[in-house]
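Protein chains in written order, with the numbering used here: chain A, 5 to 643; chain B, 2 to 262.
A virtual CB, placed ideally from N, CA and C, is assigned to each residue, including glycine.
Fair warning: this is a prediction, and the values are worked out from it, not measured in the lab.
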Amino acid sequence: MELNSRIPDGPIEKKWDNHKFDLKLVNPANKRKYKVLVVGSGLAGGAAAASLAELGYEVECFCYQDSPRRAHSIAAQGGINAAKNYHNDGDSVRRLFYDTVKGGDFRAREANVHRLAEVSNNIIDQCVGQGVPFAREYGGLLDNRSFGGAQVSRTFYARGQTGQQLLLGAYQALQRQVGLGAVKMFSRHEMQELIVVDGVAKGIVTRDMVTGEIKSHLADAVCLATGGYGNTMYLATYAKGCNGTAIWRAHKKGAAFANPCFTQIHPTCIPVTGDHQSKLTLMSESLRNDGRIWVPKRKEDCGKPASQIAEEDRDYYLERKYPSFGNLAPRDIASRAAKQVCDDGRGIGETGLGVYLDFEAAIKRLGQNKIEEKYGNLFEMYERITDDNPYQTPMRIFPATHYTMGGLWVDYNLMSTIPGCFVLGEANFSDHGANRLGASALMQGLADGYFVIPYTIGGYLAGIKPGTRIKADDPAVKAAEQTTAERVQKFFAINGKETPTHFHRELGKVMWEFCGMGRNEAGLKKALQLIPQIREEFWKNLRIPGSGAEVNQSLELAGRVADFLEIGELMCLDALERRESCGGHFREEWQTEEGEALRDDENFCHVAAWEHKGEGQAPVRHVEPLTFENVHLATRSYK
Amino acid sequence: MAKHINLTLHVWRQKNAKCDGKFVEYPAADISPDMSFLEMLDVVNEGLIRKGEEPITFDHDCREGICGQCGMVINGRPHGPKERTTSCQLHMRSFKDGDTITLEPWRAEAFPVLKDLMVDRGAFDRIIAAGGFISAPTGSPQDANALPIPKENADLAMDAAACIGCAACVAACPNASAMLFVSAKISQLALLPQGQPERYIRVRDMVAQMDAEEFGTCTNHSECEAACPKGIKMENIARMNRDFIKASLTYRPPTGGGGAG
């Protein structure tokens, strides 16, 4: 397998400009002769489908939800970064680029990150043009706030619903194209297989989640924008339906999977309350602008109500350890610090797995009204879930799985190792290295969808003769349909005793314990023994009632869990082989005396891309070396 | 640890849009008050699957009250008893031991039942496709700060934009009217300067599609506002009606004429 990143030559500031000029164009009259499939309708997929249709391509878009407006991008609360420097505080494209490379702990590609920073400003313009109601100041200009890992205010936001508003902007652009007949939308459809002919992506097979119909869709290119695979952990801040199926099945057809162990554990989520828990809810990082994180200094105080713990008995551990970034330390660092104080026996709440996020000082300083205006909906959500009033008592929070930086390997054009199969947004591995900074996911999703793929896909399609799409009777199409139908039958044939959720939960426990915030060789090896056992039990003892020819949510879940049971194994394998700590990947064997991540640039300054070798065969690890010519490799410091 | 409770559920079961449905009774035993309402249904469903019975089908996704995919009528109220709370954010502490809970799908001519509590809300997507947007093709807009917008207008637009498209408003309305949903989008875009060029054609096209989908009309019951989990206000309907009247009075057919050459 060859990993050619196709990074253009030239100085970093000129690469994208030059590349856009060098890419071949498809003439306007020819664009309608090409068909592109977009799987997923979130920020990346929705933006791509709308933009490609505006250009004149024939587009089909697919989502598993009942409407493209439901994609989980909608749940992002805090904001989106851009290097506008509207506040004159020293921001620039170069600084956003620098912060993102450093924030990712030097495990992302410089050229991709620079392009992301360059187009960040276009995204804000685009969204405002669509009518996204960003927060404004009294003068009518756009407001900004700060997010972790940055010392400038570059985060644009729409109350605590930034993801919702950006997604609805993309959704409306998409629906406009649907209304014009330029996009054909397939809601409640789930991709089952990628159709590959002579090594090139030519279509997909879907299952209609209402009728059960299995059908092929043939095209000149396929874009996967299906989000991350964090639900492998079972409990996560993802939507219940988020899954790794599309990228995993593409992986099995030849797309390399890069850095699967790079998962983000977000520091501020509402803690688990019991075994019934089905998902975790995030409290936006923006709260760390005004909230102070602490635990009691003494273990004996942990059982007391917060109000009875005197100021001098509180340990504001982030402010103590990282004075220059304080409560806005990057996510990986803040999460690990929370784990350390809880491991130390100073966690709060019934389970001892929690820390306080306290607004008392901010309410005193700014008044309750101001806090309500900034974070009202988040406070309400917290109260609904926990029955606690955060204006009166501090929030209780704990880290939870939130994002996957890993994903399908893509080149500079966002094309995977399967020609014709492009991967956008969280589904690819490209821009965040080993740790994503807050407010950067929305930026990347929209950058890929609005401003990268419309250019790079043209370069690919220009090399294909129009009208050369495969036909429905192609053997590859029939084979992919048959595989899908057989998989459905196989699930029903097991006729065991346990539900898909049972196996998902079991997998999640193993993943969180051994491949979560802290990882070590013995634990990962144990996980690599346990996961195949759960998988074996799954295929022996699963029970799916009903039939495949109707709405069947158990069947849908079974298909996703079957894939999680394989993805989890690759995550553990990747974590085992990456014998260093970087960003969110913390190998306990590699840490500084102060408990910070210790990178090994000599041996691991690279992307690990895994190649599938067939069922039951060990995957092969390939390497794309990373070079840092503009941001010099250094130990991250947020002190 | 709070004391667990036992409940009885009366659930609407319907195989698909063509079949008749009926209520079926299920016990929900040993339920923690810390569970969300959907987690309680998960527990019931796990039990049904283990017995080889079909679980209760219901729509849900984000489970944090923002995607708008969940929604069922709980004891006669869309999204249940707690104000400004979606079904997924409702918690079992809102119920007490021994309660009987009745669960039904959204009931409206425009939303066919797909299975049990799951309905087809495609009509909402078609209304947006008819005009619920600002035409701003990718790459065309000017600098974001070139157009200052008074904070109060931006805030009002945001209030309207908070709609999650769950359709509780339709389920609550005795006329199954979609006017709260439609007016929220019309208001958001009409309050912003970017939305002005298409303001009147938008309201005309969206209302026409709304009528074509066979939603009822608003007769000011205000049930929608009470049921809305996001606090969308009836004043949006007033704004839509004003714009609609103006659009109807000022309507001029397209002048046609070619642009070739």
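- Residue 19 of chain B: not part of any beta strand (DSSP E); DSSP gives it neither H nor E.
- Straight-line spacing of the CA atoms in residue 492 of chain A and residue 552 of chain A works out to 7 Å.
- Neighbours of residue 97 of chain B in chain A, taken as residues at a C-beta separation under 7 Å, are lacking, since the least C-beta distance is about 15 Å.
- Boundaries around residue 211 of chain A are those of the beta strand (DSSP E), 204-212, since no alpha helix (DSSP H) includes it.
- Distance from the Cα of residue 140 of chain A is smallest, within the candidate group B:250, B:194, B:65, B:150, for B:150.
- Beyond the five residues adjoining it in sequence on each side, residue 389 of chain A comes within less than 7 Å, by CB distance, of 274, 285 in the same chain, given in chain order.
- With respect to the C-alpha of residue 335 of chain A, the residue from A:243, A:414, A:153 having the closest C-alpha is A:153.
- Exposure of residue 28 of chain B is indicated by the presence of fewer than 16 other C-beta atoms within 10 angstroms of its C-beta.
- Annotation: the segment 454-481 of chain A contains the following complete segments of the alpha helix (DSSP H) (minimum length 4 residues), in chain order: 457-465.
- Per DSSP, reduced to three states, the secondary structure at residue 7 of chain B is strand.
- Excluding residues up to 5 positions away in sequence, 306, 308, 313, 317, 318, 319, 350, 352 lie with their Cβ nearer than 8 Å to the Cβ of residue 300 of chain A in the same chain.
- Here DSSP, grouped into helix, strand and coil, assigns residue 432 of chain A to strand.
- Taking a beta-carbon distance threshold of 8 Å, residue 84 of chain A does not count as an interface residue toward chain B.
- In this structure, the CA atom of residue 399 of chain A is about 11 Å from the CA atom of residue 382 of chain A.
- Listed along the chain, the chain A residues whose CB falls inside 8 Å of the CB of residue 116 of chain B are 554, 555.
- Inter-residue distance for residue 219 of chain A and residue 210 of chain A is about 5 Å (C-alpha atoms, whole angstroms).
- Setting aside the 5 residues that flank it on each side, residue 617 of chain A is surrounded in the same chain by 623, 624, each with a C-beta closer than 7 Å to its C-beta; the list follows chain order.
- Assignment of beta-bridge partners to residue 58 of chain B by DSSP yields no partner.
- In terms of beta-carbon proximity, residue 195 of chain A stays away from the interface with chain B, with every pair separated by 8 Å or more.
- Interface criterion not met: the Cβ of residue 255 of chain B is under 8 Å from no Cβ in chain A.
- Taking a C-beta distance under 8 Å as the contact criterion, residue 73 of chain B and residue 32 of chain B do not qualify as a contact pair.
- At a cut-off of 8 Å, the C-beta of residue 79 of chain B has no neighbouring C-beta in chain A.
- Note that the C-beta distance between residue 185 of chain B and residue 164 of chain B is below 8 Å.
- Restricting attention to A:245, A:341, A:310, the CA atom closest to the CA of residue 230 of chain A is found in A:245.
- The three-state reading of DSSP puts residue 271 of chain A in strand, counting E and B together.
- In this structure residue 25 of chain B is exposed. Its beta-carbon is surrounded by fewer than 16 other beta-carbon atoms within 10 angstroms.
- The segment 15-33 of chain A makes no contact with the segment 157-170 of chain A: fewer than 3 CB pairs, one atom from each, lie closer than 8 Å.
- The beta carbon of residue 198 of chain B sits no closer than 8 Å to any beta carbon of chain A.
- For residue 142 of chain B, the residues of chain A that pass the 9 Å Cβ criterion are 126, 129, 130, 131, 132, 133, 134, in the order they occur in the chain.
- Of the other Cβ atoms in all chains shown, fewer than 16 fall within 10 Å of the Cβ of residue 643 of chain A; this residue is therefore exposed.
- For residue 10 of chain B, the closest of B:141, B:46, B:241, B:120 by C-alpha to C-alpha distance is B:46.
- Under the three-state reduction of DSSP, residue 135 of chain A is assigned to coil, being neither helix nor strand.
- Look at the segment 176-199 of chain B: the residues with a C-beta under 9 Å from a C-beta of chain A are 186, 189, 190, 192, 193, 195, 196.
- The beta carbon of residue 534 of chain A lies closer than 7 Å to those of 514 in the same chain, with the five residues before and after it left out.
- Beta-bridge partners assigned by DSSP to residue 188 of chain A: A:64.
- Interface with chain B (8 Å Cβ-Cβ cutoff): residue 220 of chain A is excluded.
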